[in-house]
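Trainee: If you read the sequence shown in our numbering, its first letter stands for residue 388, the second for the next number, and so on.
For every residue, glycine included, the Cβ atom is placed at its ideal position computed from N, Cα and C.
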Amino acid sequence: MITKIDHIGIAVRSIEEAGKFYEALLGLKIEKTEVVAEQKVKVAFLPVGDCKVELLESTEPDGPVAKYIANKGEGVQHIAFRVENIEAALAALKEAGVRLIDELPRRGAGGAKIAFLHPKETFGTLLELCEREE
Ligand code: ZN
C-alpha cells in the first residue's frame, strides 16, 4: 500500500532562516511555499530526487508545530509515506486496530490528501499517509 517516502517534515522556527541553510549550503531549492491555515502552519517544499523536504513553520503560537518545537525543539517532526488509495489504507489500519489521528483524510499542502497515524502506535515516529496526483 505504500509506494515511496513522499516527504520528510521538519519543524523550524523560521522557514526564511532554515531555507538559507538548505538553499545556500545544501544546494536545494524551495519549490513553493504555502500556508495551511487549518494547521496553523506555513510549509515550504524542497525537492530531493523524487522525495521532498517539507519545512514547517508555525503561523500561530498555539499551532501544532509551535507546540512541537516548544516540547522537542526544531527537527524532524514526521515522515510521510505516499499511498495510492488513502481511504483504503486508513480503513485497513483501522480494521487492524491501529489508532489514527485522522480517521478520514484531510487536505494538506499541495492539494494532497493526508492523514496522521498516532505516534503511540508507530514506535514513536509521527507517520503521515499522503495521496497525491503526479
Ligand atoms: Zn507532511
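Could you spell out where the beta strand (DSSP E) holding residue 389 opens and where it closes?
Mentor: In the sequence shown, residue 389 corresponds to position 2, counting from 1. 389-398 is the extent of the beta strand (DSSP E) around residue 389.
Trainee: Counting C-beta neighbours from all protein chains within 10 Å, is the total for residue 485 16 or more, i.e. buried, or is it exposed?
Mentor: The sequence position of residue 485 within the sequence shown is 98, counting from 1. When all chains shown are included, residue 485 counts as exposed.
Trainee: Select from 510, 496, 419, 398 the residue whose C-alpha is nearest the C-alpha of residue 453.
Mentor: One-based indexing of the sequence shown puts residue 453 at position 66. Of 510, 496, 419, 398, the residue nearest in Cα terms is 398.
Trainee: What residue range does the beta strand (DSSP E) around residue 406 cover?
Mentor: Numbered from its first residue, the sequence shown carries residue 406 at position 19. That residue, residue 406, is in no beta strand (DSSP E); its alpha helix (DSSP H) goes 402-407.
Trainee: Would you list, in sequence order, the uninterrupted alpha helix (DSSP H) runs of no fewer than 4 residues that lie entirely inside the segment 442-505?
Mentor: Entirely contained in the segment 442-505, the alpha helix (DSSP H) runs reaching 4 residues are, in chain order, 451-459, 473-482.
Trainee: Using only the heavy atoms of the ligand ZN, determine whether one of them is closer than 7 Å to the beta carbon of residue 441.
Mentor: Here the question's residue 441 lines up with position 54 in the sequence shown. Yes.
Trainee: Using DSSP with H/G/I as helix, E/B as strand and the rest coil, what is residue 508?
Mentor: Reading the sequence shown from its first residue, position 121 is the one you call residue 508. Residue state, collapsed to three classes: helix.
Trainee: Classify residue 496: buried if its beta carbon has 16 or more other beta carbons within 10 angstroms, exposed otherwise.
Mentor: As a first step, residue 496 must be located in the sequence shown, where it is residue number 109. Buried, because 16 or more other Cβ atoms sit within 10 Å of the Cβ of residue 496.
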